[in-house]
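Notes to accompany the following structure.
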Amino acid sequence: DGGITQSPKYLFRKEGQNVTLSCEQNLNHDAMYWYRQDPGQGLRLIYYSQIVNDFQKGDIAEGYSVSREKKESFPLTVTSAQKNPTAFYLCASSTTVETGGYTFGSGTRLTVV
Amino acid sequence: GQQVMQIPQYQHVQEGEDFTTYCNSSTTLSNIQWYKQRPGGHPVFLIQLVKSGEVKKQKRLTFQFGEAKKNSSLHITATQTTDVGTYFCAADFGNEKLTFGTGTRLTIIP
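Right under this line is the structure:
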């Protein structure tokens, strides 16, 4: 079955450490996205990529970095510069050929202590 | 930046009552999408509305897109316990990405 896989489901890190969240899709989607979700808030866009080797900043990119070396993969690094990294991180993908809904992964819950 | 306002933030209803959530934008939208997120889960795509004045139905769910393509609503008739979750609208301003509303969290009183 096609889908998006995010790993790990839960992640704990010490303050000051960088951490990389994995996102892999086998849907053959060109576009991939990273969103952050905090309690009581909607989804806020961190980074997105419409094509391999290209990506754009979203609304809250500071303290994050991404790469898109393969169509299937869009890893997100939460750096020590991110002031409030504890959150639920969601990866999504979509086609660019025609408009349609996003397919989301099951998310990674990051806790920084 | 471009924003979409969603109300209410929370809604508690008796099982069997109806439920409605609304989204509003100050800018005309290319399209609007709706998602449902169950507690502890991830958002799942429900539907996309593209045309002015469009109305779509999925069983007990009715989705509307305003004539000016600036607002949308989701109405659930006769809620059931399976409807529990947070409902998000997501606006496409024609800039290659979606902007999500803050969501309406629906709880059902049995």
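In the order they appear, the protein sequences are chains A and B. In terms of this note's numbering, the first sequence is residues 9 to 121. In terms of this note's numbering, the second sequence is residues 10 to 119. The beta carbon of each residue, even a glycine, is placed where N, CA and C say it ideally should be.
Segments of 3+ residues assigned as beta strand (DSSP E) that fall wholly inside the stretch 61 to 119 of chain A: 62 to 65, 72 to 74, 84 to 86, 95 to 102
Quick one: does Gly4 (chain A) have its CB under 8 Å from some CB of chain B? The requested residue 4 (chain A) does not occur in the structure, where chain A is confined to residues 9 to 121.
For chain A, find out if any of its Cβ atoms is closer than 8 Å to the Cβ of Gln23 (chain B); answer yes or no. Taking Cβ atoms only, chain A never reaches closer than 8 Å to Gln23 (chain B), which makes this a no.
Rounding to the nearest angstrom, what Cα-Cα distance links Gly49 (chain B) and Ala69 (chain A) in this structure? 25 Å
Mind checking who Ala100 (chain B) pairs with in its DSSP beta bridge? B:Ile41, B:Thr108
Please name the residue, chosen from A:Ser101, A:Val121, A:Val120, that lies closest to Val53 (chain B) on a Cα-to-Cα basis. A:Ser101
For Asn34 (chain A) and Arg44 (chain A), I'd like the C-alpha separation in whole angstroms. 22 Å
Integer Cβ distance of Thr36 (chain B) from Tyr96 (chain B), believed to fall under 8 Å: So it is not a contact: roughly 21 Å between Cβ atoms.
Quickly, what does DSSP pair Pro52 (chain B) with across the bridge? List them, please. Answer is B:Gln46.
Please state whether the Cβ-Cβ distance between Glu77 (chain A) and Asn61 (chain A) is less than 8 Å. In contact: Glu77 (chain A) and Asn61 (chain A) (Cβ atoms closer than 8 Å).
Cross-strand partners of Asn33 (chain B) (DSSP beta bridge): For Asn33 (chain B), DSSP records a beta bridge to B:Met14, B:Asn80.
Same chain, Cβ closer than 6 Å to Val27 (chain A), five either side skipped, listed in chain order: Arg21, Val86
Measuring straight from C-alpha to C-alpha, what distance separates Asn80 (chain B) and Ile16 (chain B)? The alpha-carbon of Asn80 (chain B) is positioned some 11 Å away from that of Ile16 (chain B).
Taking Cβ positions only, does Pro127 (chain B) come closer than 8 Å to chain A? Residue 127 (chain B) lies beyond the range of chain B shown here (10 to 119); nothing can be said about it.
Between which two residues does the beta strand (DSSP E) harbouring His21 (chain B) extend? 19 to 23
List the endpoints of the continuous beta strand (DSSP E) containing Arg44 (chain A). 39 to 45
Through-space distance from Gly109 (chain A) to Leu29 (chain A), alpha-carbon basis: 23 Å
What does Gln42 (chain B) touch in chain A if you count any residue whose Cβ is under 7 Å from its own? Gly109
Let me see if you follow: with CB-CB separation under 8 Å, is Ser57 (chain A) close to chain B or not? When Cβ-Cβ separations below 8 Å define contact, Ser57 (chain A) makes no contact with chain B.
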